[in-house]
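All remarks here apply to the structure that follows.
There are 2 protein chains.
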Amino acid sequence: MVNTGEINGSSNLMDFLDEPIPDVGTYEDFHTIDWLREKSRDTDRHRKITSKSKESIWEFIKGLLEAWSGWVVMLLIGLLAGTLAGVIDLAVDWMTDLKEGICLEGFWYSHEQCCWTSNETTFDDRDKCPKWQKWSELMINQGEGPSAYILNYFLYILWALLFAFLAVSLVRVFAPYACGSGIPEIKTILSGFIIRGYLGKWTLLIKTVTLVLVVSSGLSLGKEGPSVHVACCCGNLFSSLFSKYSKNEAKRREVLSAAAAVGVSVAFGAPIGGVLFSLEEVSYYFPLKTLWRSFFAALVAAFTLRSINPFGNSRLVLFYVEYHTPWYMAELFPFILLGVFGGLWGTLFIRCNIAWCRRRKTTSLGKYPVLEVIAVTAITAIIAYPNPYTRRSTSELISELFNDCGALESSQLCDYINDLNMTRPVDDIPDRPAGPGVYTAMWQLALALIFKIIITIFTFGMKIPSGLFIPSIAVGAIAGRIVGVGVEQLAYHNHDWIIFRNWCRPGADCVTPGLYAMVGAAACLGGVTRMTVSLVVIMFELTGGLEYIVPLMAAAVTSKWVADAFGKEGIYEAHIHLKGYPFLDVKDEFTHRTLATDVMRPRRGEPPLSVLTQDNMTVEDVETLIKDTDYNGFPVVVSRDSERLIGFAQRRELIIAIKNARQRHDGVVSNSIIYFTEDPPELPANSPHPLKLRRILNLSPFTVTDHTPMETVVDIFRKLGLRQCLVTRSGRLLGIITKKDVLRHMAQMANQDPESIMFN
Amino acid sequence: MVNTGEINGSSNLMDFLDEPIPDVGTYEDFHTIDWLREKSRDTDRHRKITSKSKESIWEFIKGLLEAWSGWVVMLLIGLLAGTLAGVIDLAVDWMTDLKEGICLEGFWYSHEQCCWTSNETTFDDRDKCPKWQKWSELMINQGEGPSAYILNYFLYILWALLFAFLAVSLVRVFAPYACGSGIPEIKTILSGFIIRGYLGKWTLLIKTVTLVLVVSSGLSLGKEGPSVHVACCCGNLFSSLFSKYSKNEAKRREVLSAAAAVGVSVAFGAPIGGVLFSLEEVSYYFPLKTLWRSFFAALVAAFTLRSINPFGNSRLVLFYVEYHTPWYMAELFPFILLGVFGGLWGTLFIRCNIAWCRRRKTTSLGKYPVLEVIAVTAITAIIAYPNPYTRRSTSELISELFNDCGALESSQLCDYINDLNMTRPVDDIPDRPAGPGVYTAMWQLALALIFKIIITIFTFGMKIPSGLFIPSIAVGAIAGRIVGVGVEQLAYHNHDWIIFRNWCRPGADCVTPGLYAMVGAAACLGGVTRMTVSLVVIMFELTGGLEYIVPLMAAAVTSKWVADAFGKEGIYEAHIHLKGYPFLDVKDEFTHRTLATDVMRPRRGEPPLSVLTQDNMTVEDVETLIKDTDYNGFPVVVSRDSERLIGFAQRRELIIAIKNARQRHDGVVSNSIIYFTEDPPELPANSPHPLKLRRILNLSPFTVTDHTPMETVVDIFRKLGLRQCLVTRSGRLLGIITKKDVLRHMAQMANQDPESIMFN
């Protein structure tokens, strides 16, 4: 209370530390953020702006702009992500066709665009459009025949290899983070982890370009996962324009959650499904305000994409289907069978893919990523070309499999034997016996199924952008279509069986094989990703009717149950574990009976906890402690005897503050005493200047008692997004639990290797 | 460490307290639950069952049943709620028609059912079905004419009064909790509050019956809110069948969240919208597992309802519409205007309704609920009958307003002047000039609008079940249709204006007044409830197309912005505040700069905190403390000097444990010492038996430091669902913050009366 002039003077001298110290409040790469602190910083910021905005009109306008910046960012993300998705679609179309031939009118036209403008486009003549020339027609003037076939085959492989080589080289040289689907990393980032550059401009550019290349190269991968990554890069880009988002890691994650929704929205044209996907699968902290904004961004993106109109049908959705027949209760049985298949496929894929990725990581295989990509591309191209169902792009294949056979359908899959005196309307074609085309198609599809299953396991995880949705959907759609045609023919040829008698009389249109394909797709996608509600909603948006929600749900539920029986982890969680990221899954339930005291450090027998005392450590003591340990922070106590906790200081901020003080103020020397108290005591005149560091002290560190059950601790870490938590017993500091400790303990309890958690 | 025989003996004597004490772990009425404790109890339970299930096959099967019970409960809720909704719809149909006439073939047929069976049902003859007799036809053999009109008018009022009187009497006598919409209370219950009987069997029965009565009586109210309450009662009913849910308040709330989704799902036939409504508007704690189950329950309910088929069109949704025309950018202007109208209506409604409800509460008006209901019903019936748009049931009105005028439409609203040589297909009718019928309809609709706006304010909150969705939608739909017809006629008569020239040439079908009605409905519903995503999704499910999502969203966003500018509270939050429930809204942002120390009790100048010490208080001391204070719990400290916290004991459990010990064990007398320590010390032989109460002690009470910002404290209370939190400074106990303290502080900071928060 008694302030002498000298103390006043010295406290003035220390006041420069009350200016913001640069870099305090930022995080190191590969570290976890402190959600509570970020949110409280944002509130401070908001408070300042609100109070300022009453001062002048200019400040008021600035306040308004600030309040609207969230919507502006969403608008911009929607526009850019929608545009990029459109561009990617157009480029993929063109380059996929480039593998087969070229448009004489202009090389930049895809097959479809080339023949749009030609006059001969009645439906049947579409394939005979003269402006589109296969390579063999152009080079050796032969459209058919063995030599033309071999030439086309050869060029197909060559183009594929060229695209794949370009892609993997670009990724390696310019943006190593552009590989993979990106969803595991985005989940981790959204849960509060820092990976610098993962959502950077280079990643955005390279991922967009290489995504086009790899999809066009015909590899068994999709653009859906990467398009989430691309959208998140857009989100990061635009959030750096507004200090509200760029300077606050928690707020930035709100934008990124919305961007993830945008990614799915443009990939499938399903804005509601996208928002739910972000909510269910990707996001960690998702306030309701963000839900609304995500929805807005997803809609903007979907409409931007539609105005670019890459699918040429002015539909919003990727696979638009319309069925004309209801489904019957008896069909639930094959639907559930498809669900079982989806669950088994999901388990098989996750196990094999993780085993292969682990092998890639641990053996010398990982040293030759370019070679690996080239080899897999070559194998894919060589096997894919002879089979018409694997030669074309996977989206086209899925589209055909989903479609019901109308009267005008010319595809092999619709080669049914027609009743000649059929006078029914176009929409309502009765079940018919399969013609030879259908049987051929079945064999080819079965081969395609086996090929897709095997090659996808080796493709996902290579050093190129690769999504999983499309291959999974393709596997499911093929299996579903085969089952669907099987049931259809069974019902046609045995319509007097009891199960068919009620709903499948001759002349009735009772089985829709396309619906089976869609159900199979949902089952397989569900088995791999373990999505539930969002999966059904995406499928619901694709079909646009509540009518088929029960079959879809039956398959999705079955698939999830079957897959969960073999292991709870979806593919994304499995990859997160493989990479050792500190991801605390909201869905994991922790049910073991351990207490905080079992998890905290120091453990029994270990040296005591490194703590700082509030008023008797010198700068040198602290620097030594920092040098000798690698902890991310130190609890500050009243004294080593009483061990009464007063706060927590972050390592990074201690270092920065001490460095800053030493540089900017000569009085601070090695034996200056560091004070974390409010009012440093009066010092003898000849003692070195004290250093007051209360400013960087977190005065409200989170504490739990040693008797707290670990499930509560896990809950607290999850819900409040803590980095660490201190453990006390009757007011005495006992130890510390970090997020890494929690994750390692959880891994141990689940009989996994705790050392697999690598980051803080 | 040294155990003498005597201590062993005495500790054996104390062991009976280690048996579960009955009622420990339950809560008192009108109190808040402790989420963390409930969840940890559930984990314990789960752990026990899992470990037991390895013992025998029987236990394994029990474990499986346990695991499946969640799905079984959902199935049962879906079935019962769907059935009830179907029954309610059928009964309402019949009783609404009963006000106008009766079916000669059987009095239990509604007008529509009566005429279904008749042979003359071509469309135009539907109104002339001879089996359906108006009351005047039956009683004085006159269908038309002034005396018939007066008789019908009189009987209409009489029936309405009878229904309303029956309803209000039933509610008053049997189930006072059955009144109102129920959503405010359900929100509060889901946030962790106990209101015994609110979801009981009597409430379920009486609410179902009275809901039918009040809706049939023609009052301006809907069945959507109450149907959420009814579904939650079903949820409560079925959750009491399984000890997993009945004995754990947190698990029970998971079921109730799903039941809320079911309620909306059956009310609108919108399962996805229902789940999102529950997520966005009603629920508090909504784990993803529940999301999936809610979706399942909502689907089961929707399909149960569809198989009952109360709307007679085998459609799932309440108002099925299909438009054939796209919307144009220029139309966004009237859509946004409708949004503004919706926001203003929302604000007006909330303000007036709350003012009126407050007046009812504080003046003698509240003493005559029956009279009030009778008076409002009489006024409603007298004014409603002469206007054809208010006479019919509100759902029918909305349905007609939403519909586009097809070629076959015979309603007055579709009385356009036809071009005689029209050869266009049925679906594509160009804009036409309005006929006299449309102009009459406009006047009548304008009057209906004013009437609905005023009467709804006085209706909502009376002592009868009353929902808000349908009246809000009706207000919006009327306003929207009027605007729609206005725009249509403007465009028709001025198609050379610049804004119309591009999209509204003569002969084009450019304006769909039904779409305007739907947009207006979304705006008004949004203004009153402040729903966002779920609102748009419900509307999207009703229309079944993404096409109109932009108009709907534009209106919903505008309406929310306009309404939020006048006050952030939706109608449900306003009613929660009015009733003083302790509801900590997840959406409210707390941005003030207060600290835990400003909120905790004891405040400066107040007597110190009532604490228990761990080993030197007698039974009598504790009993005195319990008698003298009304706190819900007491912190337990090492000693009054050190104030080191060791745990927290609930008042209720202290009382039960002491009572139990006194009854069951003679050794425990008034001067027995209560020990909260692990090992009570050795006592002299003649001292009274000690009472060991460590069992009821919560050893992991939640603590924060006095420097913790209140926004963090609010966040912790919200996310972890705490009842109270202790405040410490460097390990010393300083005070306590309860949920009520937090809510009162928030009210104070928002310049509201803190005394309005009435419960703990």
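Chains as they are written, first to last, in the numbering used here: chain A, 1 to 760; chain B, 1001 to 1760. Backbone N, C-alpha and C define an ideal beta-carbon position, used for all residues, glycine too. In this text, all values refer to a predicted model and were calculated from it rather than measured experimentally.
- B/R1293 is outside the set of residues whose beta carbon lies under 7 Å from a beta carbon in chain A.
- A direct Cα-to-Cα measurement between A/F193 and B/S1181 gives close to 44 Å.
- At a Cβ-Cβ threshold of 7 Å, B/W1132 and B/C1115 count as neighbours.
- Of all residues in the segment 1521-1541 of chain B, the ones placed with a Cβ closer than 9 Å to any Cβ belonging to chain A are T1532, V1533, V1536, V1537, F1540, E1541, in chain order.
- Those residues of the segment 629-644 of chain A placed with their C-beta closer than 9 Å to a C-beta in chain B are V637, V638, S642, E643, R644, ordered along the chain.
- Taking a Cβ-Cβ threshold of 7 Å, the residues of chain A close to B/R1047 are T591, R593, in chain order.
- At a Cβ-Cβ threshold of 7 Å, A/A298 and A/G269 do not count as neighbours.
- Rounded to whole angstroms, the gap between the alpha carbons of A/L305 and A/L79 is 8 Å.
- Neighbours of B/I1646 in chain A, taken as residues at a C-beta separation under 7 Å, are given in chain order as S730.
- Boundaries of the beta strand (DSSP E) harbouring B/K1134: 1132-1134, taken from the DSSP string.
- Taking 8 Å as the upper bound for CB-CB distance, A/S278 and A/A260 are in contact here, some 4 Å apart.
- In this structure, the straight-line span from the alpha carbon of B/E1112 to that of B/D1089 is close to 13 Å.
- Inclusion of A/A556 and A/G526 in the CB contact set at 7 Å is warranted, their separation being smaller than that value.
- Counted as a single uninterrupted DSSP element, the alpha helix (DSSP H) harbouring B/L1079 occupies residues 1057-1098.
- Residue state for B/M1617 is assigned as strand, using DSSP reduced to three classes.
- Along the segment 354-367 of chain A, there is no position whose C-beta sits under 7 Å from a C-beta of chain B.
- Beta-bridge analysis with DSSP links A/T705 to A/T728.
- Going by C-alpha positions, A/T594 is about 46 Å away from A/V373.
- Contact annotation: B/L1221 and B/C1357 have beta-carbon atoms that are not nearer than 7 Å.
- Shortest Cα-Cα distance from B/G1343 to any of B/P1184, B/I1473, B/I1696, B/Q1142 involves B/I1473.
- The Cβ of A/L699 sits closer than 7 Å to at least one Cβ of chain B.
- By the Cβ criterion, the segment 488-496 of chain A is not in contact with the segment 445-455 of chain A, since fewer than three pairs of Cβ atoms, one from each stretch, lie closer than 8 Å.
- The beta carbon of A/R481 sits closer than 8 Å to those of L401, L413, L445, P513, G514, Y516, A517, G520, all from its chain and outside the five residues before and after it, given in chain order.
- A/L166 and A/F349 have their C-alpha atoms roughly 27 Å apart.
- Only those residues of the segment 1439-1458 of chain B whose C-beta falls short of 8 Å from the nearest C-beta of chain A would be listed, and there are none.
- Look at the segment 313-375 of chain A and you find no whole run of beta strand (DSSP E) that is 3 residues long or longer.
- Looking at the DSSP output, A/P635 bridges to A/F648.
- When A/P551, A/V713, A/G647, A/V533 are compared, the shortest CA-CA separation from A/L584 is found for A/V713.
- For B/Y1675, the enclosing beta strand (DSSP E) starts and ends at 1673-1675.
- Rounded to the nearest angstrom, the gap between the Cα atoms of B/G1086 and B/G1461 is 25 Å.
- Of the other Cβ atoms in all chains shown, 16 or more fall within 10 Å of the Cβ of A/Y284; this residue is therefore buried.
- With a beta-carbon spacing of about 7 Å, B/Y1027 and B/E1249 fall inside the 8 Å limit used to define contacts.
- Checking the DSSP bridge columns, you'll see B/N1686 has no partner listed.
- Between the segment 1059-1066 of chain B and the segment 1211-1225 of chain B there are fewer than three inter-stretch CB-CB distances shorter than 8 Å, so the stretches are not counted as touching.
- Listed along chain B, the residues sitting closer than 8 Å to A/M553 by beta-carbon distance are F1295, F1296, L1299.
- About 6 Å separates the beta carbon of B/T1705 from that of B/R1729, a gap short enough to meet the 8 Å contact definition.
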